[in-house]
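What follows is one structure encoded as C-alpha cells, with my remarks underneath.
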Amino acid sequence: MALDNPISRRHALRLAGTAAAAAAATPLVSSCGAGAPKSEAGGDAFTVYWNAGHGYQAYEKVIDEFEQAHGVTVNFQKYQWPDLRTRILADFASGTVPDVVESPDVWAIEFAVSGDARSLRDFVDQDGAEMGFPDDWLPKTVERNTYQGEVYGIQVHYTCTTLVYNKRMLDDAGVTPPSTWDELLAAAKELTGGDVHGLALNQDYSYAWPWLLQNDVRLYDPETRQLLVDRAAAEEAFRFQADLVHRHKVSPVPVPSTDYAGPQKLLSAGRAAMIITGPWDLMPIAGTSPDLELGVAPALRGASQVTSSAGASAFVPAKAKRPELSWDFLKRITALETERAATEEAGMLMPRKSWATSPEATSDPHIKAFAENLPLAEDFLLDLAPTGKSGEVSDTLFKNLYQSIVVQNTPVSEALATFDAAAKRALAG
Amino acid sequence: MANRPRRRRDGLSRRYTRTAYLMLLPAILFFAVFTYLPIGNLLTTSAHSGPQADVFAGLDNYSRAVSDPAVRHSFVITVIFALVTTVGAIVLGLALAMLLDKPLRGRVVFRALLLVPYLTSVAIVGLLWRNILDPGLGILNRLLTALDLPPQQWLITHPLETIIGVMLWQHVGYAMVLFLAGLQGIPDVYYEAATVDGAGPARRFRHVTLPLLMPTTLFVSIISVITGLQAFGQAYIITDGGPANASDLYVFHVFNVAFEARDFGYSSALSFLLVVVILAFTVVQLRYGRRNEVQH
Amino acid sequence: MLNRMSTAGRVLAYVTLLGASAITVLPLLYMVSLALQTEAESLSGDPVLIPETPMWGNFLELFERAPFANFIVNSLVVAGAITVSHLLFDPLVGYVFAKFRFPFRNTLFLLVIATMAIPFFVKMIPLYVMMSNLGWLDTYQGLITPFLMDAFGIFLMRQFIQPVPDELIDAARIDGVGEFGIYWRIVLPQVKPALAVLGVFTFVFQWNEFLWPLVATSTEEMRTIPVGLTLFSQEYFTIWNLTAAGAVLLFLPTALLFLASQRFFVRGIAITGMK
Numbered sequence: 002m003a004l005d006n007p008i009s010r011r012h013a014l015r016l017a018g019t020a021a022a023a024a025a026a027t028p029l030v031s032s033c034g035a036g037a038p039k040s041e042a043g044g045d046a047f048t049v050y051w052n053a054g055h056g057y058q059a060y061e062k063v064i065d066e067f068e069q070a071h072g073v074t075v076n077f078q079k080y081q082w083p084d085l086r087t088r089i090l091a092d093f094a095s096g097t098v099p100d101v102v103e104s105p106d107v108w109a110i111e112f113a114v115s116g117d118a119r120s121l122r123d124f125v126d127q128d129g130a131e132m133g134f135p136d137d138w139l140p141k142t143v144e145r146n147t148y149q150g151e152v153y154g155i156q157v158h159y160t161c162t163t164l165v166y167n168k169r170m171l172d173d174a175g176v177t178p179p180s181t182w183d184e185l186l187a188a189a190k191e192l193t194g195g196d197v198h199g200l201a202l203n204q205d206y207s208y209a210w211p212w213l214l215q216n217d218v219r220l221y222d223p224e225t226r227q228l229l230v231d232r233a234a235a236e237e238a239f240r241f242q243a244d245l246v247h248r249h250k251v252s253p254v255p256v257p258s259t260d261y262a263g264p265q266k267l268l269s270a271g272r273a274a275m276i277i278t279g280p281w282d283l284m285p286i287a288g289t290s291p292d293l294e295l296g297v298a299p300a301l302r303g304a305s306q307v308t309s310s311a312g313a314s315a316f317v318p319a320k321a322k323r324p325e326l327s328w329d330f331l332k333r334i335t336a337l338e339t340e341r342a343a344t345e346e347a348g349m350l351m352p353r354k355s356w357a358t359s360p361e362a363t364s365d366p367h368i369k370a371f372a373e374n375l376p377l378a379e380d381f382l383l384d385l386a387p388t389g390k391s392g393e394v395s396d397t398l399f400k401n402l403y404q405s406i407v408v409q410n411t412p413v414s415e416a417l418a419t420f421d422a423a424a425k426r427a428l429a430g
Numbered sequence: 180m181a182n183r184p185r186r187r188r189d190g191l192s193r194r195y196t197r198t199a200y201l202m203l204l205p206a207i208l209f210f211a212v213f214t215y216l217p218i219g220n221l222l223t224t225s226a227h228s229g230p231q232a233d234v235f236a237g238l239d240n241y242s243r244a245v246s247d248p249a250v251r252h253s254f255v256i257t258v259i260f261a262l263v264t265t266v267g268a269i270v271l272g273l274a275l276a277m278l279l280d281k282p283l284r285g286r287v288v289f290r291a292l293l294l295v296p297y298l299t300s301v302a303i304v305g306l307l308w309r310n311i312l313d314p315g316l317g318i319l320n321r322l323l324t325a326l327d328l329p330p331q332q333w334l335i336t337h338p339l340e341t342i343i344g345v346m347l348w349q350h351v352g353y354a355m356v357l358f359l360a361g362l363q364g365i366p367d368v369y370y371e372a373a374t375v376d377g378a379g380p381a382r383r384f385r386h387v388t389l390p391l392l393m394p395t396t397l398f399v400s401i402i403s404v405i406t407g408l409q410a411f412g413q414a415y416i417i418t419d420g421g422p423a424n425a426s427d428l429y430v431f432h433v434f435n436v437a438f439e440a441r442d443f444g445y446s447s448a449l450s451f452l453l454v455v456v457i458l459a460f461t462v463v464q465l466r467y468g469r470r471n472e473v474q475h
Numbered sequence: 010m011l012n013r014m015s016t017a018g019r020v021l022a023y024v025t026l027l028g029a030s031a032i033t034v035l036p037l038l039y040m041v042s043l044a045l046q047t048e049a050e051s052l053s054g055d056p057v058l059i060p061e062t063p064m065w066g067n068f069l070e071l072f073e074r075a076p077f078a079n080f081i082v083n084s085l086v087v088a089g090a091i092t093v094s095h096l097l098f099d100p101l102v103g104y105v106f107a108k109f110r111f112p113f114r115n116t117l118f119l120l121v122i123a124t125m126a127i128p129f130f131v132k133m134i135p136l137y138v139m140m141s142n143l144g145w146l147d148t149y150q151g152l153i154t155p156f157l158m159d160a161f162g163i164f165l166m167r168q169f170i171q172p173v174p175d176e177l178i179d180a181a182r183i184d185g186v187g188e189f190g191i192y193w194r195i196v197l198p199q200v201k202p203a204l205a206v207l208g209v210f211t212f213v214f215q216w217n218e219f220l221w222p223l224v225a226t227s228t229e230e231m232r233t234i235p236v237g238l239t240l241f242s243q244e245y246f247t248i249w250n251l252t253a254a255g256a257v258l259l260f261l262p263t264a265l266l267f268l269a270s271q272r273f274f275v276r277g278i279a280i281t282g283m284k
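Chains as they are written, first to last, in this note's numbering: chain A, 2 to 430; chain B, 180 to 475; chain C, 10 to 284.
Structural data, given as C-alpha cells:
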C-alpha cells in the first residue's frame with residue numbers, strides 16, 4: 002500500500018499527522034482476521050518487535066517489499082520499550098522467539114552476554130561490504146552492538162542530546178547560547194524570572210549522562226571494577242545539576258514519572274528558556290508551539306565537549322528460526338534510502354556516515370544541528386554492558402542516585418555511598 | 180451426576196463425598212495446573228540465579244532478600260501503603276455508607292457516582308492523576324493558582340501519600356457498596372431495642388452497627404490488605420517508584436528485579452516471601468475476625 | 010437506621026455526599042475533556058480545562074490508526090467468556106464448600122483461598138511457557154484459560170450460599186432431585202443477586218487486565234483494549250487526547266454494565282460476610 006502512496010510527508014506536517022503516521026502504522030497485514038499468526042503461505046509469520054513510536058511509513062514500504070521478495074507475512078508488533086522488554090524476556094524463557102527485535106540502549110550486548118542474541122559475524126563477513134557495514138556506520142554505533150569482537154546488532158537509529166533553546170527569549174535577554182557549564186549557569190540565571198525558568202532538567206536519569214561524560218566520568222572501569230570514576234569529577238557533575246535546581250533555582254524540580262516530556266512542555270509553553278534534549282522533541286515542539294523559534298546548540302563543553310548518545314538497534318534472537326531472513330530484514334531496514342525516507346518523514350537521526358551528508362539530514366537546520374553533534378556522542382552504558390548488569394545498575398540504582406540528588410536534594414556523597422553499596426551487591430550477584 | 184439419590188442412610192456420607200469431589204474436580208484441576216504448577220516452578224526458580232535462572236544457588240536468594248536494604252525499604256512502605264489504604268477504605272467507606280443508608284433523595288445516584296472510579300482501570304486512573312497532579316504541567320495547580328491558593332508539589336514532596344490517596348480514590352466506593360449492603364442487612368429491631376434501652380446514636384453505633392457489620396468489615400479488610408500488598412500499577416504508572424525509591428512498592432520492585440534486572444531467581448524468592456506474608460496477614464485477620472464475630 | 014433526620018443533619022449529609030461525588034467524578038470528567046481536545050491542547054504545557062472545540066473525531070481516529078474494533082471485540086470475547094466461566098464454576102465450587110461435609114474440606118478450601126495471595130505476574134512466565142508449548146499464544150483460549158475461575162469469586166459465592174437453608178436442599182433430595190439439579194434448580198436461584206455482583210466484578214477486573222494480554226498476544230489484531238492503548242504513545246511522549254479517548258471507550262461498557270445491574274447490586278452484596 003505504501004507503494005501507491007509515495008511518502009510525501011514533510012516536517013511541516015502538524016504533529017498530529019506525524020503521530021498518525023507512527024501510530025497508524027498498523028499494517029493490518031496478517032490477513033485472515035483475529036488470531037491468525039500464520040501466513041497463508043503456510044509457514045510461520047515473520048515476527049518483528051518494534052517500538053510503538055517507530056512505525057514509520059518508510060518501514061511499511063520496506064516490509065511490503067520484504068514480504069513480496071520472500072513470500073512471507075510480516076507480523077509487525079509495536080510496543081513501548083518496557084513492554085517490549087517484558088515480552089522478549091518471556092519469549093526467551095519459552096524458547097519461542099521473534100525473528101527481529103528493535104532494542105534501545107545496550108540490550109544487544111546484554112542479550113549477547115546472556116546467549117539470547119545471535120552473532121551476526123557470518124552475515125557481516127558475507128555481505129557487510131556490499132551494504133557498507135561497518136564502514137559506513139559511525140564507529141560508536143558499531144561499538145555499542147559489539148561483544149567480544151563480534152557484532153550482535155545493527156544500529157537502526159542514532160541520536161544524541163544537546164542544548165535546545167527558545168531563540169526569542171535568549172535574544173530578548175541579550176544572552177548568547179552557552180557553550181560551557183559556567184556560561185550555561187550564567188545564562189540560566191539571566192533568563193530565570195517570574196513564571197520562567199532558565200533551564201528545565203529532566204526527571205529521567207539518562208539526562209544526567211551528558212554532564213558526567215562532559216566531566217570525563219566513566220560509569221564503569223572494567224579494569225578496576227569501580228563505578229563512576231573519577232569520583233571527584235562525578236561528584237562535581239552531580240552537584241552542578243543539583244545546584245541548578247536547588248541552589249540557583251534556575252530549573253524547576255523535575256517530577257518523577259514514566260515520561261520524558263516535562264521539559265519539552267515547559268519550553269513549548271514559554272516557561273523554560275532552555276532544555277537538554279534530543280531530536281525526538283522537535284515534533285512535539287513544532288506541534289504544540291508552532292511559533293516558537295527554536296535554537297539547537299552544539300554540545301556543552303566541560304572537561305571535554307561530548308554528549309550522550311541514544312537510539313535503537315535491531316538484533317536477531319539466537320533461537321530465531323530463519324536467520325538469513327532476519328538478516329535480510331536488517332539490511333533492508335538500515336538501507337541508506339530507508340534511513341533517508343525515515344528522516345524525511347519523522348525527523349529521525351541515523352547512524353550511517355553517508356546519511357549525514359544526505360539532503361534529508363542537511364536541509365532542516367535543527368536536524369542538521371543535531372546531526373553535527375552525533376560524532377561527539379558517546380554511550381555512557383557501554384563499559385558496563387559486558388557485565389550483563391547494565392539493566393539493573395542503570396534502570397534501578399542509577400535512577401535512584403540521580404533522583405535522590407536532583408529531585409530530593411540528598412547530599413551527593415551520601416547518595417553516592419548508597420549507590421556504591423547497592424551496585425557492589427548487584428555486580429557481585 | 181444426575182444419579183437418583185439412594186435413600187439408604189449409611190451410603191449417604193460416602194456418596195456425598197463422591198458428589199463433592201466430582202463437583203470440585205474442575206476446580207482442583209484448574210488450580211493445580213494454573214496456580215500450583217506455577218508456584219512449584221516459582222520455588223524451583225527461586226533456588227537459581229543468572230539471566231536464564233539456570234545456575235543453582237540454594238537458599239542464596241532468600242538470604243540476599245533478608246539483607247537487602249532496598250527490599251526492606253519497599254516492604255516497609257508497602258505495609259504502610261496496605262494498612263493506610265485498608266483503614267482509610269474502611270473508615271471512609273463506612274462513613275459514606277452510613278450517610279447513604281439514610282432515606283435521602285438521590286442516594287441511588289450518589290451510590291453510583293461514588294463507585295465510578297472503581298470501574299476504571301488502574302492504568303487509566305494512574306495516567307489521569309499524573310496528568311492532574313504534575314506540579315508544573317498539571318491542571319490542579321492551574322486551578323489552585325487561579326483561585327489564589329498555593330500550588331502543591333505532592334508528587335515530589337509526598338509521593339507515597341499521593342499514591343495512597345489515588346488508591347483510596349479508586350477503592351473507597353467499593354468498600355462503601357459492601358458496607359451499605361451490610362448495613363441494609365442489619366434488622367431494624369436491633370436499633371429499636373437499643374433505643375428503647377436508652378442508647379444514643381454513638382452507643383448504637385458502637386454496640387449494634389459495628390459488631391453486626393463485623394463480617395463485612397472483615398471481608399473488606401482482607402481483600403483490601405491483599406490488594407494493597409499487591410499494589411503495582413500506582414507506582415508503575417504515576418511515580419515510576421520515585422523520586423529515587425520513595426514510592427517503590429514491593430510488587431513493583433519485584434517486577435523490576437524480574438524484568439529490568441532480569442534476575443528471575445531473586446524475583447521468585449521475593450515473590451514467594453510476599454505470598455507467605457500475605458497468607459500470614461490473612462490468617463491473622465481471619466482469626467481475629469472469628470473471635471469478634473457476632474451472630475445475628 | 011432511624012428514619013428521622015434533622016434539617017441540619019440532612020444538609021450536612023448532602024454537602025458531604027456532593028463533595029465526595031465531586032472528588033470521584035470531576036477527575037473523570039477531566040478525562041472526557043482530554044479525550045475531546047486537539048493534540049496540541051492535550052500536549053500543551055498549559056493544560057486546558059475545556060477544549061476550544063470538542064474534537065469528537067478523536068474517537069474515530071482511534072479506529073483509523075489502530076484496529077480498535079478488533080481490540081473491542083477481543084476485550085468483549087475474552088472478558089465475556091471469563092465472566093461466563095466464573096458464573097458457571099465459582100458458585101459450584103462455593104456451593105460445595107458451603108454445603109458439603111467431606112474429607113480434606115478445610116485443607117482444600119485453604120488451598121483455594123491461598124491462591125489469592127499470589128500476584129499474577131509471578132505466574133506469568135510459567136503460564137507463558139505453558140501456553141507456548143500448547144500452541145495457544147495469540148488465541149482466545151490462551152487469553153481465557155488462565156482465568157477460568159478464581160478464589161475471590163469462590164469465596165464470595167461460598168459466603169452467599171451458606172445462608173441458604175439446608176432444609177430446602179434436603180427437601181429436594183427427598184423429592185429425588187439429582188445432586189446437580191439441586192445446585193442448578195434450587196441453590197442458584199436463591200443467589201441470583203450474588204451472581205450479578207460476581208458477574209460485574211469479574212467483568213470489570215478482566216476488562217481492565219493488562220499484563221497477560223500483553224504477553225499472550227503476538228499480533229496487533231489479537232490485542233485487547235488496554236494493551237492496544239499503548240500504541241497511542243510515542244517513544245518519548247504519550248498522545249494524550251487519543252489515550253484519553255480510548256480510556257473513555259474502555260470505561261463505557263463497565264459503566265453500562267454496572268448501571269444495568271446496580272439494582273441487584275446492593276441487595277446482592279447484602280449477605281456477604283465471613284463465617
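A virtual CB, placed ideally from N, CA and C, is assigned to each residue, including glycine. Please read these numbers as outputs of a predicted model, since none were measured by experiment.
When B:Asp280, B:Leu465, B:Leu312 and B:Pro217 are compared, the shortest CA-CA separation from Ile127 of chain C is found for B:Pro217. Any Cβ of chain A closer than 9 Å to the Cβ of Arg321 of chain B would place that residue at the interface, and such an atom is absent. Within the same chain, and ignoring the five residues on either side of Gly96 of chain A in sequence, the residues whose Cβ sits closer than 8 Å to its Cβ are Lys320. In the DSSP secondary-structure assignment, Val234 of chain B is bridged to B:Ser228. Separation of the CB atoms of Phe411 of chain B and Phe434 of chain B is rounded to 7 Å, and the pair is thereby assigned contact status at 8 Å.
Annotation for Ile122 of chain C: no beta strand (DSSP E) segment contains it, though the alpha helix (DSSP H) segment containing it runs Arg114 to Ala123. Within a 10 Å sphere around the beta-carbon of Ala44 of chain C sit 16 or more other beta-carbons, which makes this residue buried.
With a 10 Å radius around the Cβ and a threshold of 16 neighbouring Cβ atoms, Leu37 of chain C comes out buried. The continuous beta strand (DSSP E) containing His198 of chain A extends over residues His198 to Ala201. DSSP places Gly66 of chain C in the uninterrupted alpha helix (DSSP H) bounded by Gly66 to Arg74. With respect to chain C, the C-beta atom of Val287 of chain B has a partner C-beta closer than 9 Å.
In this structure, the CA atom of Pro299 of chain A is about 54 Å from the CA atom of Phe212 of chain C.
The beta carbon of Thr344 of chain A sits closer than 8 Å to the beta carbons of Leu350, Met351, Trp356, Ser359, Glu361, Ala362 and Ile368 from its chain, once the five residues preceding and following it are set aside; these are given in chain order.
In the three-state reduction of the DSSP assignment, Gln156 of chain A falls in the strand class. Note on geometry: alpha-carbon atoms of Leu402 of chain A and His252 of chain B lie some 15 Å from one another. With respect to chain C, the C-beta atom of Lys400 of chain A has no partner C-beta closer than 9 Å. Against Ala49 of chain C, chain B offers no close residue; the least beta-carbon distance is about 14 Å (beta-carbon pairs closer than 8 Å).
The stretch 214 to 238 of chain A contains, as complete beta strand (DSSP E) runs of 3+ residues, the segments 219 to 222 and 227 to 230 (chain order). For Lys425 of chain A, the three-state secondary structure derived from DSSP is helix. Under DSSP, Ala311 of chain A shares a beta bridge with A:Thr160. In the three-state reduction of the DSSP assignment, Ala209 of chain A falls in the helix class. In the displayed model, Gln46 of chain C falls within coil according to three-state DSSP, outside both helix and strand. Contact annotation: the stretch 149 to 163 of chain A touches the stretch 267 to 283 of chain A, with at least three C-beta pairs closer than 8 Å. Taking the CA atoms as reference points, Gln149 of chain A sits about 9 Å from Val114 of chain A. Put simply, the CB of Lys79 of chain A is near chain C, with a gap under 9 Å to one of its CB atoms.
Taking 7 Å as the Cβ-Cβ cut-off, the stretch 250 to 279 of chain A approaches chain C at Asp260, Tyr261, Ala262, Lys266, Leu267, Ser269, Ala270 and Arg272, given in chain order. Listed by position along chain C, the residues whose Cβ is nearer than 9 Å to that of Asn374 of chain A form an empty set, because the closest Cβ is around 17 Å away. Look at the stretch 237 to 251 of chain C: the residues with a C-beta under 8 Å from a C-beta of chain A are Thr239, Leu240, Phe241, Ser242, Gln243, Glu244, Tyr245, Phe246, Thr247, Ile248 and Leu251.
The Cβ of Trp348 of chain B sits closer than 9 Å to at least one Cβ of chain C.
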